[in-house]
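Undergrad: Residue numbers (this note's numbering), protein chains in the order written: chain A, 72 to 660; chain B, 4 to 316; chain C, 766 to 1087.
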Amino acid sequence: MKTKKIVTLILASMLAVSSLAACSNGGGTGATDATTGAGGETQATSGEKEIVDFTMFAAMSGKEKDANNDIQEIIAQKTGVRVKETWLTGQDAGEAIGSIIASGKLPDLIDGGDGSVTLYENGLLVAWDDYLEKYPNLKEMYTDEEWDKFRMDDGHIYWANVFGNSYNHINTATGQNGEAFWIQVRVLEWANYPKIETLDEYFKLLEDYAAANPELPDGTPVIPYTCLCEDWKYYCLENAPMFLDGYPNDGCCIVNIDAGMDKPKVVDYNTTDTAKMYFKKLNEEYAKGAIDPDFATQTYDEYIAKLSTGRVLGLCDQYWDFAYNIMGPFASPLQATDGTEFRLDQIGCDYVPLGLVAKKGMSQQWHSYDDELNQSSGCAVTTSCKDPDLAFAFLSALLDQDIHDLRFWGIEGVDYLVDENGLYYRTEEMRENWKSDSYKAKHTCEYSYCPQWMGMSRDGINRMQPGEQPSEFVLSLAEPLKKCFEAYGVGTYVEFLNSEKVVNAPWYPLWSWSNSISSDTPGGVAWKKMGETKHLWLPTVVMSKDFESDWAAYQAAYAECEPEKFLEEAQAEVNKRLETAQSYGWTPN
Amino acid sequence: MIMADIQQVSFERIKHKKKMATEDLIFTILNTTFLVLFAVVTLYPVLNTLAYSFNEGNDAVRGGIYFLPRKWSWRNYEEILFERPGIRVGAKITVLRTIIGTLTSLAANALLSYILSRKKFLFKSGMSLFWIITMYASGGMIPVLILFRYLHLTSSFWVYVIPGMVSAFNVMVMRTYMLGIPDSLEEAAQLEGAGYMRVFVSIITPLCKPVYATIALFVAVYHWNSWFDAMLYNRFDPQYTTLQYELMKLLDSVSATTGATSGAAMTAATANTITPITVRAAASIATMAPIIALYPFLQRYFVTGLTIGGVKE
Amino acid sequence: MEISTSKSKKQKPVDIDKPKLTVKEFKRQWILVVISVIYVIYGIIFYYLPLAGWIIAFQDFKYNKGISGSKWVGFDKFKFLFSDKTFLMVIRNTFCMGALNLIFSTVVAIAFAILLNEVKNKYFKKSIQTISYLPHFLSWIIVVAIVHDALTSTGIINDILMRLHIVQTPFPFLARPEWFWPIVTLSNLWKETGWNAIIYLAAITSIDPCLYESASIDGAGRFQKMLYVTLPGLRPTIMILLLMNIGNVLNAGFELQYLLGNGLVQNVSRTIDIYVLNWALDARNLDYSLGTAAGIFKTVVSMTFIVVSNYIAKKKGDERLF
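1. Considering only C-alpha positions, which residue in the set B:F239, B:N34 and B:R303 is nearest to E883 (chain C)?
2. Cutting at 7 Å between CB atoms, please list the residues of its own chain near K842 (chain C), excluding the five before and the five after it.
3. Judging by CA-CA distance, which residue of A:D591, A:L287, A:A358 and A:S448 is the nearest neighbour of F845 (chain C)?
4. Assign P146 (chain B) to buried or exposed, taking buried as 16 or more other Cβ atoms, counted over all protein chains shown, within 10 Å of its Cβ.
5. L1055 (chain C) CB to nearest chain B CB: under 8 Å?
6. Give every residue of the same chain whose Cβ lies closer than 6 Å to the Cβ of N228 (chain B), excluding the five residues on either side of it in the sequence, and list them in chain order.
7. Can you pull out the residues from the segment 220-241 of chain B whose beta carbon lies closer than 8 Å to at least one beta carbon of chain A?
8. Is the beta carbon of G322 (chain A) sitting closer than 8 Å to the one on W657 (chain A)?
9. Give me the chain C residues within the contact set of D365 (chain A), using Cβ-Cβ distance strictly less than 7 Å, ordered along the chain.
10. At least one CB of chain B closer than 8 Å to the CB of K990 (chain C): is that the case?
11. From the DSSP output, which residues share a beta bridge with Q406 (chain A)?
12. Grab me the residues of S833 (chain C)'s own chain with a C-beta within less than 7 Å of its C-beta, minus the 5 sequence neighbours each way, in chain order.
13. Would you identify the three-state DSSP class for S58 (chain B), choosing helix, strand or coil?
14. Can you tell me whether I911 (chain C) is buried or exposed, with buried defined as 16 or more other CB within 10 angstroms of its CB?
15. Quick check on L148 (chain B) - is its C-beta less than 8 Å from some C-beta in chain E?
16. Considering only the alpha carbon of each residue, which of A:Y191, A:Q523 and A:C632 lies closest to D224 (chain A)?
17. In this structure, how does DSSP classify F239 (chain B) when only helix, strand and coil are distinguished?
18. For a test of the three-state rule: what should DSSP assign to N1050 (chain C), helix, strand or coil?
19. At 9 Å on the CB atoms, spell out the chain B contacts of W819 (chain C), in chain order.
20. Below 8 Å on the Cβ atoms is my contact criterion, and I expect A231 (chain A) with Y296 (chain A) to pass it. Report the Cβ-Cβ distance as a whole number of Å.
21. Below 9 Å on C-beta distance, what does D280 (chain B) contact in chain A?
22. Please list the partners that A173 (chain A) has in chain B, where partner means a Cβ-to-Cβ separation under 7 Å.
23. Please list, in chain order, the chain A residues whose beta carbon lies closer than 9 Å to that of N58 (chain B).
24. Short of 8 Å in beta carbon distance, which residues of its chain neighbour F125 (chain A), apart from the five on each side in sequence? Order them along the chain.
25. Using the beta-carbon count (16 or more within 10 Å), is Y888 (chain C) buried or exposed?
26. Just reading off the beta strand (DSSP E) that T919 (chain C) is part of, what are its end residues?
27. Using a C-beta to C-beta distance shorter than 9 Å, which residues of chain C count as neighbours of T708 (chain A)?
28. Considering Cα atoms alone, identify which of B:Q242, B:M175 and B:G67 is closest to N51 (chain B).
29. Does any residue of chain A have a CB that is nearer than 8 Å to the CB of T3 (chain B)?
30. Using CA atoms only, rank isn't needed, just tell me which of A:N341, A:T160, A:E499 and A:K275 is closest to F231 (chain B).
31. Taking its Cβ as the centre, do 16 or more other Cβ atoms sit within 10 Å of A367 (chain A), making it buried, or is it exposed?
32. Give a yes or no on whether the C-beta atoms belonging to E250 (chain A) and N327 (chain A) are separated by under 8 Å.
33. Buried or exposed: where does H913 (chain C) fall if 16 or more other Cβ atoms within 10 Å of its Cβ makes it buried?
34. Who are the neighbours of E135 (chain A) on chain B, taking C-beta pairs under 9 Å?
35. For V92 (chain B), which residues of its own chain have a beta-carbon under 7 Å away from its beta-carbon, when the five flanking residues on both sides are left out?
36. Looking at the C-beta of W158 (chain A), does it have a partner C-beta in chain B at a distance below 8 Å?
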């Protein structure tokens, strides 16, 4: 109580001083008079519907839209709401969420990312429960069982993850958005489209090709293989053993089901024989010079720059991490040493995913066919929002098919055309527009961290998002890539990768848990230390001159982090998820 | 006086002077070479950034650009100067805060330095210590935010001007300079009946032009470059955004990504957020230009400062 | 002619004419006292009130519970810090990089200012000065990208070394822990020397030209004048800046190390600020208490450095802070 009094006293004196300050400075320039904008104040637009301005913050990096963005205005006319999106700048999510809370000024809508739970704990979010009943569009997003996964310990739902959610639960992905060992199609073409299954075959092919074709047409020397190790993106180096053993991307460990689906056992993929085999292979390849000498120290920018020159033959990464950033450079003309022009995508520099395994003939799960539910964060409405009902109405309206089409396909006639069968298609120019940052800033408005669908559109003809439209997909492929798909008799990346078709286990994906564990528990502390140790040791063993002794030293340092504490908590989480599923009637079949 | 000296110069002295002249020449050559080299080395990052800022985006991603752009393009400047939301508001606020902030801060720092440089001031040590502590002790970001919120400084323009007005570092630099001004000047003025404030305004201030110019430059550059306060205190008040904050949003869009979406959740709409290096380079150059233009203007005072000695007699 | 040589002589400690607190003296300088009171009020509000936040270092502070509701844990947070080997390592890193930076940036900036001052041609002098401080305006993101690029296996540094046959294969500068501190120090010098020199250049202008004249008459050459006139003239400024910057040794930085570091050099690259970011500002578990504890530690060390070095300066009769 005493502290409370003192605090009140201090605050009162602060207030007194502040009013003084306000008086003495109020008469300054007119620059500070403007009070439009935040907080959902209404602005009358000439004679039309009143449009409410909301603010939204996403604790991710992103790009702001221009004021008077075309599609934003159309959506504003239809829904009566215009949202100004703000992103993370120069802070990480934790700092940003902390300072937003302390400043007392919240946006109307928020995606707190890793900080979502902090927002909930501070009572700053509005529960979705009542609004879910009112707005069927929102309710439709998930099944009751899935919604229950979003429930916090007070029994309410405060956010909905908006990504990777297919309409009617039919996942229609054409691409492998996740991880794989990627290889340029020209390498496969050169070797007459062989079947590549193991690391040995993969690296042998890369080496052979590099020996036979050491340079690109413009004289740039090729790099057989590179690997990103920067910050959290070191998964490119780190988690392959999990996939090589045939397991899906649980992110933090293997969940072994040899004893039956109802007796899952958490296994550490960092200490398996496959892990040692994989790093030993990398070590040998590094010694041979087949791996980029700068792999351990390169920054993300340098990595993208390297890939953009087309000189990297193979890499291990998740598709979204590299592909979108190299599309532009791959499609622009270059000058060869003999003076002719060429384009990287036309000489076969595009990458296709390979589902490598530890032993020939094994099945693998690099691709997961079902949606992956990440309940740890999502789109939320804050208590600062003056009209939460309007906010939910807006989020619901965003899922209306016409507005959803506006968000992801654009304006009919401008951004896409419709053929006699009702199929949406785009011209080359339209596709190029949607790759341009400045066009996107002034014209498109995805509201990318608000509720959205993947999969089949409600019309049963088109896809919710153009990237999944099969016709669009084929058209966007460069010639060598098409040839490669034909040679292997497949139509999409997914078919090419040919992962085992399995139904997602009830605990899958476990990364939705490991991404949000805090250093509050012994397991969380161990997880953090394991990360730091691997950051130091994995590149070290790859570059080592004496692999065996360095591997032993690494394993010793790793054991010191007490990974068993982490695994214990992971096991508990798996069991918990399994029980929840069982309470909904899930049985191992 | 010099004439008298010269008459006393002996033959030895002349020889000595000749030797000095050769020494002088060698020194000048070495010194000039060194400084030119130094200038080239320090100019490189700027030239490199300049080259990138005029290069076409997709081409620049491939790297390998050093002094000159490979594929010329104005596009990057168009993009940041005409197409970015908030750039115009940001520019206005930044200019305002630079002017108001520099003037108020200069006055506040100068007056405090004056007081602390008075050798007879009774609370000199205590007051100095009081301000020096402020340089190293900080309550941290969160308590400051809460304080500003109660002072109604958040969501306002004045948060840029008032809290940082007095800087102990600048005060110490100014005080050191003022301590170098002979007491005799002050004493003479005081004999003529001038009070402390009078001495400050009409005697100390004119003599302190070089250090005032230095501090003004420091403060102006600080105001011009700051963006963190705009984000912290006026995050959802776009009418108080600053130029650097707007550009920082471009510069920083890659480095801050966290691992939250490391699943297959990234889509084309969310993943493609990397700002082209060329746009970042253009943003850097665009903000450097005005503040650099200010420098020659202030540089004058560094040179005129040389005449102080004459006043001292 | 009497030349005022107050600056060329060693400054005598001012204690001799230390004013005595008398009513008469107080009345005489009432205006100074009144203004000081205003400054003190300002300082208390903006600098000292937030220090109240320090009490959360002794709590397990949870934002939603507030200061009154959070659990008191005494020195637990400090115990956590000092029992963590990593924290002791980051203290070492921060201190060493801070000290290296302090020494080299001071020496090089002074040398640069003095050499620049020797240039006779006004335009040349102005151009060099303007160019030298340009990199200060580039953000670390840009500068680190350039440094990083130059140090890769195909970068300009390795290119030169290989052409000169100093090395046979590219040297992995960025992967070697022993190279990290020198790279950080050099990057700092590269970006900030010109800027740091501004203060010294301004201070040089206050040196009485008569001193140079009389030195010439006494037969001093260029070097001697630099050593015996310019350098002593800069002494007060150097001392004050040195004293202040000694307190900043533990603020060796964040951005540069964060951007330049990688997994292989993490044991020498992480600073206190990076540690705090990793452990205290984790979005999943905002531990302000831990961050504040680290902040208090830094302040205590800084103040100790300042008080000790100020005391030494006072003993030696040099310029001092308080």
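In this text, a Cβ means the ideal position worked out from N, Cα and C, and glycines have one as well.
TA: Considering the structure as presented:
1. One-based indexing of the third sequence puts residue 883 (chain C) at position 118. It is B:N34.
2. Numbered from 1 along the third sequence, position 77 holds the residue referred to as residue 842 (chain C). Excluding residues within five positions, the ones whose Cβ falls inside 7 Å are A822, S1054, L1055 and A1058.
3. Working through the third sequence from its first residue, we reach residue 845 (chain C) at position 80. Among A:D591, A:L287, A:A358 and A:S448, the Cα nearest to that of F845 (chain C) is on A:D591.
4. In the second sequence, counting from the first residue as 1, residue 146 (chain B) sits at position 143. The residue in question, P146 (chain B), is buried, as its Cβ has 16 or more Cβ neighbours within 10 Å.
5. Within the third sequence, the letter at position 290 stands for residue 1055 (chain C). No, L1055 (chain C) lies away from the interface with chain B (no Cβ there is under 8 Å from its Cβ).
6. The sequence position of residue 228 (chain B) within the second sequence is 225, counting from 1. Within the same chain, Cβ atoms closer than 6 Å to the Cβ of N228 (chain B) are found at Q247, the five residues on either side in sequence being excluded.
7. W230, F231, M234, L235, Y236, R238, F239, D240 and P241
8. Within the first sequence, numbered from 1, the residue matching residue 322 (chain A) stands at position 251. Within the first sequence, numbered from 1, the residue matching residue 657 (chain A) stands at position 586. No, Cβ-Cβ distance for G322 (chain A) and W657 (chain A) is not below 8 Å.
9. Working through the first sequence from its first residue, we reach residue 365 (chain A) at position 294. Residues of chain C passing the Cβ test: T917 and S918.
10. Along the third sequence, one-based indexing puts residue 990 (chain C) at 225. No, no contact with chain B.
11. Here residue 406 (chain A) refers to the residue found at position 335 of the first sequence. For Q406 (chain A), which the question treats as bridged, DSSP gives the partners A:E412.
12. The residue labelled residue 833 (chain C) in the question sits at position 68 within the third sequence. Excluding residues within five positions, none has a Cβ falling inside 7 Å.
13. Here residue 58 (chain B) refers to the residue found at position 55 of the second sequence. According to the sequence as given, residue 58 (chain B) is Asn; it is not Ser. Reduced to three states, the DSSP call for N58 (chain B) is strand.
14. Against the third sequence, residue 911 (chain C) aligns to sequence position 146. Buried, by the Cβ-count rule.
15. The structure shown contains no chain E; its protein chains are A, B and C.
16. Taking the first residue of the first sequence as 1, we reach residue 224 (chain A) at position 153. The shortest C-alpha separation from D224 (chain A) is found at A:Y191.
17. On the second sequence, residue 239 (chain B) is found 236 positions in, with the first residue counted as 1. Note: F239 (chain B) maps to coil in three-state DSSP.
18. Stepping through the third sequence from its first residue, residue 1050 (chain C) is reached at position 285. It is a strand residue.
19. One-based indexing of the third sequence puts residue 819 (chain C) at position 54. Under the 9 Å cutoff, chain B gives A140, G142, G143 and P146.
20. The count along the first sequence starts at 1 and reaches residue 231 (chain A) at position 160. The count along the first sequence starts at 1 and reaches residue 296 (chain A) at position 225. Contact flag wrong, Cβ pair sits at about 40 Å.
21. Working through the second sequence from its first residue, we reach residue 280 (chain B) at position 277. Here residue 280 (chain B) is Ile; the residue named in the question, Asp, does not match the sequence. Result: D372 and A376.
22. By one-based count along the first sequence, residue 173 (chain A) stands at place 102. A173 (chain A) reaches chain B at I145, L148 and I149, counting residues in chain order whose Cβ is nearer than 7 Å.
23. Taking the first residue of the second sequence as 1, we reach residue 58 (chain B) at position 55. Residues of chain A passing the Cβ test: none, with the nearest at roughly 12 Å.
24. Within the first sequence, residue 125 (chain A) is the residue found at index 54, counting from 1. Once the five neighbours on either side are set aside, the close Cβ partners of F125 (chain A) are G111, V152, R153, V154, K155, P178, D179, L180, C456, A462 and F465.
25. Here residue 888 (chain C) is taken as the residue at index 123 of the third sequence, counted from 1. It is exposed - the Cβ of Y888 (chain C) has fewer than 16 other Cβ atoms within 10 Å.
26. Position 154 of the third sequence holds residue 919 (chain C). Here T919 (chain C) belongs to no beta strand (DSSP E), and DSSP marks it neither H nor E.
27. The first residue shown for chain A is 72 and the last is 660, placing residue 708 (chain A) beyond what the model contains.
28. Here residue 51 (chain B) refers to the residue found at position 48 when the second sequence is read from its first residue. Nearest option by C-alpha distance: B:G67.
29. A query on residue 3 (chain B) cannot be resolved here, the shown segment of chain B reaching from 4 to 316 and no further.
30. Mapped onto the second sequence, residue 231 (chain B) falls at position 228. Residue A:T160 is the option with its Cα nearest to F231 (chain B).
31. Within the first sequence, the letter at position 296 stands for residue 367 (chain A). In the assembly as shown, A367 (chain A) is a buried residue. Its beta-carbon has 16 or more other beta-carbons within 10 Å.
32. Walking along the first sequence from the start, residue 250 (chain A) turns up at place 179. Walking along the first sequence from the start, residue 327 (chain A) turns up at place 256. Taking 8 Å as the Cβ cut-off, E250 (chain A) and N327 (chain A) do not qualify as a contacting pair.
33. Translated into positions along the third sequence, residue 913 (chain C) becomes position 148. Buried is the call here.
34. Along the first sequence, read from residue 1 onward, the residue named residue 135 (chain A) stands at position 64. The answer, in chain order, is R87, P88, G89, E249 and K252.
35. On the second sequence, position 89 is the one that residue 92 (chain B) refers to. For V92 (chain B), where only same-chain residues beyond five positions count, the Cβ hits under 7 Å are P241, Q242 and T244.
36. As a position in the first sequence, residue 158 (chain A) is number 87, starting the count at 1. Output row for W158 (chain A): interface = yes.
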